[in-house]
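Residue 27 in numbering that gives the first Met the number 0 is what sits at position 28 of the sequence shown, and the numbering runs on without skipping anything. The structure appears right after this line, and notes come after that.
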Amino acid sequence: MAGHSKWANIKHKKAATDAKRGKIFTRLIKEITVAARLGGGDPTMNPRLRLAMDKASENNMPKDTVMRAAQRGAGELEGANYEEIRYEGYGIGGAAIIVDTMTDNRTRTVAEVRHAFAKYGGNMGTDGSVAFLFKHCGQLVYAPGTDEDALMEAALEAGAEDIVTNEDGSIEVVTPPYEFVSIKEALEKAGFKAEFGEVTMKASTETEFTGDDAIKMQKLLDALENLDDVQEVYSNAVIEE
């Protein structure tokens, strides 16, 4: 398969993710808590919890912090009761945006999300207005020059859903969301280490932005990302450097 050239965009996204590490502990604690509440506190029986715990480990979160969050979610410790709410909307030029939140105050959260959309040139949509443009999946990205045939063979054997070779030579491996960790580990054992990997909402189509529109779109995405109750922001916007 041929895909959109995106190596520079992936590296930019990784740098942006690294820059948010100060906030990532708060987001991970919420995710672990909710995952444990919905599926129980045993990560071997709860793939969403295992994924959150693995991500916490990758970000060097102390183990006792992880365990307390899981215990709160499982009802063993007192703590805030978060609910998940997804908002959908449009950015510059009608680009699709999904905003996933976890909150203990729904009224506050919707007001903050709506304000950010309005202030930076976007607008809120209704439930389902853009979600159909995205697929919940794992995404592993390998650098240009990776042995495509060997990676494809190893990825399919590990249970990957799709392998996409981009125009710039980078290769994406798409996985089911809760098999992301096991497939990533299988590929590492086979000698393939991803440059970037995450469980995401992957856009089926993309909208490229350059110049002033790119600046405006980035400001909107940053404003949404920076809200305290926001866990993740997904968009089909590709913002050129």
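The beta-carbon is built from N, C-alpha and C at its ideal position, and this holds for glycine as well.
Straight-line measurement puts the Cα of Glu178 at about 10 Å from the Cα of Arg47. Here the segment 151 to 163 makes no contact with the segment 116 to 133; the two share fewer than three CB pairs at distances below 8 Å. For the 9 Å CB-CB criterion, Arg113 and Gly74 do not form a contact.
Val180 carries a helical assignment under DSSP once its states are collapsed to helix, strand and coil. Taking a cut-off of 8 Å for Cβ pairs, the segment 84 to 103 and the segment 136 to 143 do not touch, as fewer than three such pairs fall below it. Annotated as distal: Val109 and Tyr89, with beta-carbon spacing of 9 Å or more. Following the DSSP letters along the chain, one finds Phe131 in no alpha helix (DSSP H), marked with neither H nor E. In the DSSP annotation of this structure, Glu231 is not part of any alpha helix (DSSP H); the continuous beta strand (DSSP E) holding it starts and ends at 229 to 234. Partner residues in the beta bridge of Tyr141, as assigned by DSSP, are Ile170.
Taking Glu82 as reference, the option from Val33, Leu50, Asn45 with the minimal CA-CA separation is Val33.
Membership of Asp53 in the alpha helix (DSSP H) is indicated by the continuous run 46 to 57.
For Thr64, the enclosing alpha helix (DSSP H) begins and ends at 62 to 72. Counting along the chain, Ala202 sits inside no alpha helix (DSSP H); it lies in the beta strand (DSSP E) bounded by residues 195 to 202. In this model, Arg71 and Ile170 are separated by some 39 Å (Cα to Cα).
Rounded to the nearest angstrom, the gap between the Cα atoms of Ser203 and Ala79 is 36 Å. In the DSSP assignment, Gly210 falls within the unbroken alpha helix (DSSP H) covering 210 to 224. Our two residues, Phe208 and Ser234, have alpha carbons roughly 12 Å apart in a direct line.
In terms of Cα proximity to Lys54, the closest of Ala69, Val173, Val180 is Val180.
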